[in-house]
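Engineer: For reference, the structure I am asking about is given below.
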Amino acid sequence: MTFPATTQADLNDLYTARDISWVSSIRRHALMVPDRVAIVEGDETHTWCDFYTRICSMANALAARGLSFGDRAMLCTGNSYRMLEFILATHLCGALAVPVNFRSTVGELVYAATDCRPCFILSDELTIDTVAEACDKVPHELRHITLADATPEGVFSYNELMAEESPDFLHPEIPSRTPAFILYTSGTTGRPKGAVLTHQNLLSNGVVCMSAYEGIRAEDAMMVSTPMFHIGALGGMSALVVCGGKLVIQKSTSFDPDEILTSMETNGVSITFMVPTQWQMLVKQAREKDYDLSKLRILGWGAAPATVRLLTDMNEVFPTASAVAFFGQTEMSPVTCVLEARYAREKVGSIGRPVPQVTARVVDEEMNDVPQGQVGEIVYRGSGMMVGYWNDPERTSQAMQGGWFHSGDLVYVDEEGFYYVSDRKKDMIISGGENIYSAEVENVLSMHPAISELAVVGKPHEKWGETPVLFVVPNDGFDVPTVADITEFARNDLAKFKIPTEVYGVDAMPRNTAGKILKTELRERVGGTPHAIGETMNPPTT
């Protein structure tokens, strides 16, 4: 049987009917459910038909100015639906989107832009000056588009480009393994690396999220408050977009717990993902004021460790919702392990089990599999694994040695196949020849009533090589606990050599934009250095 196709538009329809991506999904929703709400941001609402039309308009504007298959377009903005539009328009052209931290300095922008040589860069009101200065310093032509209302000479206005008369965009064919993103890692040590992720990688992560969120339905509303330059936010959004639910986008330049909870109530949010620091603030706010969150059913968390204390508080404060833990890395698109809601209480402290799309091993330094219960590095293969680092074959080879992605995360597995993080390789402490995993110590001490936030790092010691020391942000109304307080509290749960020998009170922990505590900075304060692998472990008791 043959299907006649006499025009380019007909051919276009034939292949897009088979295509599965978040871009083609929006096209389907625009056809099938054009009036259903797709995007909410503050008081602004867009239907699927309107949203798709806007994406096509921007794609046409970019293509008319030279953006084509394989090119790059960079974004340096806070969260907004227009940021998502620009990413999708870039993908519609077959180009790669390069979202970067909106807090980037001129030097950081120049580094990334010089590395991946984008044709365009998008700014907003907050970043326009920084981006403009960076554009003057990159060694190639970089055209600046801004979301800001005031448009300086030589800078394109996003709204004016969007207003250009544009018919339906004629899609180029985009194979699933076509690169879609370059995402620069945080670069807490060394220069940032640009992980190259494909459309297949994005869809793979979307499937993981659909399963972990116990199925995403058209009536679901997902709040996005984590920065959209991270793959965690992008991957979650891709799942919602494919299923045709509603995206509720919150600004990322600040975090107001009352504003977030009020928006959840107003928009009937059912699914959201946040980092532990944000959940900590929401728990505190929700205890001070009543909100109708009856539609909230999934509390996603990840990107940084959550203490047993915080997970317990989340279960108490949001009793109708289930907590789901996501674990992974940008280079794996990013989810590799999920702790499903049904195990949230039984396996508190676990990161769950590898998702079906991922093959995982726990290995020693020679890539030998370690016995159950023993600590090793988790390495991965799977459909989410990156292509490699942009323009960096040496570090790509190091990271993917032997065909496995080497995560740098130290874990152990219990008798039921659930994984527990012991530490990052660089965060392990070696005291008198004994390995101390800071995550284990932090998990115990997080239950101390005086402690709001904490971090354990190694400090050089003349006799033992190094000893663990504790940094603490105290709870309101409490003093920083003393070493004697900590020792008494932990003596039944931690061996003596694991108990911190010093306690430092701080007003706030140094963090990167993913919410992760910068232990490198804390180690520098006490003159410490990183290390690597270890001992047999047992799951935490609850």
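First residue of the sequence shown: 1, per UniProt numbering; consecutive thereafter.
No residue lacks a Cβ here, since even glycine has one placed at the ideal position from N, Cα and C.
1) So which of Ala341, Asp479, Met274, Ser333 has the shortest CA-CA distance to Ala321?
2) What do you reckon, are the CB atoms on Ile298 and Ser270 nearer than 8 Å?
3) Where does Lys498 fall in DSSP's three states?
4) Grouping DSSP H, G and I as helix and E and B as strand, with all else coil, what is Glu504?
5) Nearest CA to the CA of Gly477: which residue from Met274, Ala450, Val457?
6) Can the beta-carbon of Leu96 be found less than 8 Å from the beta-carbon of Ala180?
7) Can at least three beta-carbon pairs, one atom from the stretch 214 to 224 and one from the stretch 236 to 250, be found at a separation below 8 Å?
8) Let me make sure I understand the geometry here. Which of Ala212, Cys116, Leu518 has the alpha-carbon closest to that of Tyr343?
9) Any idea what DSSP makes of Gln372, helix, strand or coil?
10) What do you get for Met32, buried or exposed, if any count of 16 or more other CB atoms within 10 angstroms of its CB means buried?
11) With DSSP collapsed to three states, give me the class of Phe51.
12) State the Cα-Cα distance for the pair Glu133 and Tyr437, rounded to the nearest angstrom.
13) Could you give the distance in angstroms between the alpha-carbon of Ser407 and the alpha-carbon of Thr77?
14) Determine whether the beta carbon atoms of Ser333 and Leu197 lie at a separation below 8 Å.
15) Mind checking which residues open and close the beta strand (DSSP E) that includes Gly458?
16) Assuming Tyr420 and Ile499 form a contact by the criterion Cβ under 8 Å, report the distance between their Cβ atoms to the nearest whole angstrom.
17) Could you tell me how far apart the beta carbons of Tyr412 and Val375 are, in whole angstroms, since I believe they sit closer than 8 Å?
18) Determine the DSSP secondary structure at Phe327, reduced to helix, strand or coil.
19) Suppose you measure from the CA of Glu366 to the CA of Asp414; what does that come to, to the nearest Å?
20) Determine the closest residue to Pro34 out of His46, Trp464, Lys516, with distance taken between C-alpha atoms.
21) Assuming Val469 and Thr501 are in contact, meaning their beta carbons sit under 8 Å apart, how far apart are those beta carbons, in whole angstroms?
22) Could you compute how far the alpha carbon of Ala150 sits from the alpha carbon of Arg117?
23) Indicate whether Arg168 and Cys56 have their beta-carbon atoms separated by less than 8 Å.
24) Should Glu466 be labelled buried (16 or more other beta-carbon atoms within 10 Å of its own) or exposed?
25) Comparing alpha-carbon positions, which option in Phe489, Asp485, Met385 lies nearest Ser204?
26) State buried or exposed for Phe489, treating a residue as buried only when at least 16 other CB atoms are found within 10 Å of its CB.
Structural biologist: The relevant details are as follows:
1) Ala341
2) yes
3) helix
4) For clarity, residue 504 is Tyr in the given sequence; the question names Glu instead. Tyr504: strand per DSSP, three-state reduction.
5) Ala450
6) yes
7) yes
8) Ala212
9) coil
10) exposed
11) helix
12) 43 Å
13) 29 Å
14) yes
15) 451 to 461
16) The Cβ separation is near 20 Å, so there is no contact.
17) 5 Å
18) strand
19) 22 Å
20) His46
21) 6 Å
22) 26 Å
23) According to the sequence shown, residue 168 is Asp rather than Arg. Yes. Within cutoff.
24) buried
25) Met385
26) buried
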